[in-house]
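The opening residue of the sequence shown carries number 7 in the numbering used here; numbering runs sequentially from there.
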Amino acid sequence: MSMQPKYAPLDYERQYKDFQDAWPIYASTAVLDELRATDYARLDRLGHVYLDYTGGGLYAESQLHLHHELLANHVFGNPHSNNPTSLAMTHLVERARDFVLAFFNAAPDEYAVVFTGNASGALKLVGESYPFESGSRYLLSYDNHNSVNGIREFARARGATVQYLPVTPPELRLDPALLAAQLAVADAAHANLLAFPAQSNFSGVHHPLSWITDAQAQGWDVLLDCAAFVPTNRLDLRQIKPDFVPLSFYKMFGYPTGVGALLAKRSKLAKLRRPWFAGGTITIASVQGEGWHYLVPGEAGFEDGTVNYLNLPAVEIGLRHLERIGVAVIHERVHCLTGWLLGQLAALRHSNNAPLARIFGPPTMDRRGGTVAFYLIDPVGEPFDVRRVETLAGEQRISLRTGCFCNPGDGEVAHGIGPTEMAPCFVDHTGPCTFTEFYQTIRRSTGKTPSTVRVSLGVASNFADVYRFMAFAESFRDMGADALDYLPVGERHRVPSPDAA
Ligand SMILES: Cc1ncc(COP(=O)(O)O)c(C=O)c1O
């Protein structure tokens, strides 16, 4: 017997009311409904349901106008000269830097802001410059983004020990006892670096930020990856004091892309050893004496060449936009909507009462953010091909993400794929293994699906978005996974560009 759809358009008002009753604090975020109708009106005008905020945030139209007005009404030159157009630009670049510090409540004499191309650029600066040596340790959680994992290559090359802290299913959290044990084995005579994300970009897990002081008290430096955390959570650098914080601004407010930052304690920047120098990073260099150059102290020593100067005022504009709304308001809204979504997704059932979704990560809003990883599964528990799910969602203008999200650790644990199963992709493999070959190898040898669906919420999300997503998820009810033609591995269905017409 087929069941009535739960998320029919006619039921919307009633379910919205139920949601508001269950999450009363949502009412305090009404300012975001006004902005959705004005600054983010293009979403509804074009019929989009955007659920990929962890991939990239959305900009408000007003951000664009303010930035373009600024550019259209001034003449700006390359900063750091004494001509008027250069001075005007230098002023705005330094204002943006000061504003970043103020936004994160960082004491200017304690923290520096190094502008980079993105969070990965910030991470590479730390990796290539950190004084790893034989006797050092690089300790990192499984649920790091690959740009944090990649630092292990620098660590290993310099003889440091690399140690991972596994996450534990089903919530994909870390074991504090294991962390404590690993922190204790470090030799404080050497440089030791701990890296973990404030929010996993796969599971949404929030790790305890008290680990920062625990680690520092034992002589560790701490890199807290905040790329997925800061778009919807307040980071207060007077309350918590990691040594290095990488982030990307487009994830916070959508525009501009191509600018990120490394927030670093000044004392720890001084500890880094850059492997090269570039225009802008030195006081003077000479071509006549090899090795003759002086690095500029502070942030300038880490900004290679010309900064992305015309875009930096847009960083201040974006941060002011978030400040006006209030990060706490964005946080509350995302918290409520994600809480509803998690509850609904977990409760969704086929007619045989089997669940329609399997969530990877915390099932409630306890210590987690607005990023939800899951499979849609059929009545016998077989996952639907995630690429088909993405394509079908796309046909309804629902933007979600599938894959591993550059977070292999959470993915491997979530799907129960161990080193023996991964080995054929690395050991004795002829040439580099592509994601497609990896997918095929794991499917063939284990029957497991090493790919996931992710939805994530942000500044412009509303109840209609999550409701439409639930109606989409419900459309898989009572369908067999094999009823969807599996895509030949390596192929993606092409969704016609919805805005092209
Ligand atoms: C937690 C985390 N760290 C780092 C990054 C890398 O950011 P970017 O690609 O902007 O360098 C991402 C991107 O998704 C992320 O989610």
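Every residue, glycine too, gets a C-beta built ideally from N, C-alpha and C.
Asked                                                                                                        : Found
Cβ-based burial, L49 [other Cβ within 10 Å; buried from 16]                                                  : buried
The segment 139-148 in contact with the segment 163-178 per 3-pair CB rule at 8 Å                            : yes
Proximity test, H212 beta-carbon vs ligand 1 heavy atom, cut-off 8 Å                                         : no
Three-state class that DSSP yields for A118 in the structure shown                                           : strand
Separation of L362 from Q350, as counted between CA atoms                                                    : 10 Å
A420 classed as buried or exposed, judged by whether at least 16 other C-beta atoms fall within 10 angstroms : buried
For E116 and P248, the rounded distance between their alpha carbons                                          : 11 Å
The segment 215-227 contacting the segment 430-439, beta-carbon criterion three pairs below 8 Å              : no
Cβ distance (whole Å) where F390 is taken to contact F482 below 8 Å                                          : 6 Å
Selected residue, minimal CA-CA separation from L215, among S209, F208, N150, P203                           : P203
Residue from G295, C342, L269 whose Cα sits closest to the Cα of A306                                        : L269
Rounded C-alpha distance that separates R3 from Y32                                                          : No answer is possible for residue 3: it lies beyond the span of the chain, which begins at 7 and ends at 507.
Cβ pair count under 8 Å reaching 3, the segment 473-488 against the segment 8-26                             : yes
Stretch-stretch touch, CB-based, cutoff 8 Å, three pairs: the segment 231-244 with the segment 253-262       : yes
Per DSSP, the bridge partner or partners of V461                                                             : V378
Alpha helix (DSSP H) runs wholly inside the segment 380-404, at least 4 long, in chain order                 : 392-401
Alpha carbon of D58 to alpha carbon of A186, nearest angstrom                                                : 34 Å
Contact test: L129 Cβ vs ligand 1 heavy atom, cutoff 8 Å                                                     : yes
Cβ-Cβ distance between T60 and P237 below 9 Å                                                                : yes
A206 versus T91: straight-line alpha-carbon distance, rounded                                                : The amino acid occupying residue 206 in the given sequence is Ser; Ala does not appear at that position. One C-alpha to the other measures close to 42 Å.
Buried versus exposed, by CB contacts within 10 Å (16 or more), M9                                           : exposed
DSSP beta-bridge partners of T91                                                                             : The partner list for T91 (beta bridge, DSSP) is empty, contrary to what the question assumes.
Within 9 Å, strictly: CB atoms of C410 and F109                                                              : no
Test item: CB-CB of A113 and R244 under 9 Å                                                                  : yes
When N124, L178, S451 are compared against T370, the one with the closest alpha-carbon                       : L178
Length-filtered (4 minimum) alpha helix (DSSP H) runs lying within the segment 193-248                       : 216-223
Neighbourhood of D484 by C-beta, 6 Å cutoff - its chain only, sequence neighbours within 5 removed           : H356, S357
Distance between Q294 and L463 (C-alpha atoms, nearest Å)                                                    : 56 Å
Helix, strand or coil at T60 [DSSP, three-state]                                                             : coil
Opposing strand residues paired with R179 [DSSP bridges]                                                     : T174
Contact set for V37: own chain, Cβ-Cβ below 7 Å, skip 5 residues either direction                            : I331, V335
Terminal residues of the alpha helix (DSSP H) in which P425 lies                                             : 425-428
Whether N317 touches G266 by CB criterion (9 Å)                                                              : no
Y65 beta carbon near ligand 1 (any heavy atom closer than 8 Å)                                               : no
N- and C-terminal bounds of the alpha helix (DSSP H) containing V37                                          : 37-43
Residue of R326, T96, I448 minimising C-alpha distance to S6                                                 : The requested residue 6 does not occur in the structure, where the chain is confined to residues 7 to 507.
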